[in-house]
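> Residue numbers (the numbering used here): 7 to 157. Backbone N, C-alpha and C fix where the C-beta goes; we use that ideal spot for every residue, glycine too.
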């Protein structure tokens, strides 16, 4: 979570959040530069900001009031729920895409058969196959094979 978002959620000034983060990282003996980034404001001026992982965000919050901690905790839950929704949507999109491909294969098969059966045309197609593979959110691989043998 960015220091900008933490400042917004807690109602603290961004420079105060930056100070708190620097103090926390120094006390933890963490590498300050692995979290620090630069952002540009609307006027084009550059300022430091930090992107913290969940552990460092939670550590920072333990020094803040209960209301501030709760606002950030709720936002973390929203972010995590959004990630799980993205995975579900991407799996749904994959399934929808595969279904669309199967429809296209069926149309292609019909087109090929009509070409073969056309007047004065002698052609022979013995087999046409398509294979697609994908991985779901758990990393499990799936293969979908469509064979149009014996056309």
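1. Candidates 18, 50, 45, 65: which alpha carbon is nearest residue 56's?
2. Using the rule of at least 16 other Cβ atoms within 10 Å of the residue's Cβ for burial, across every protein chain shown, is residue 38 buried or exposed?
3. For residue 27, would you say it is in contact with chain D, using Cβ-to-Cβ distances shorter than 8 Å as the test?
4. Taking the alpha-carbon positions, what's the residue 42 to residue 101 distance?
5. Does the pairing of the region 8-20 with the region 68-84 give three or more beta-carbon distances under 8 Å?
6. Mind checking which residues open and close the alpha helix (DSSP H) that includes residue 64?
To lay it out plainly:
1. 45
2. exposed
3. Protein chain content of the structure displayed is limited to a single chain, and chain D is not contained in it.
4. 39 Å
5. yes
6. 60-67
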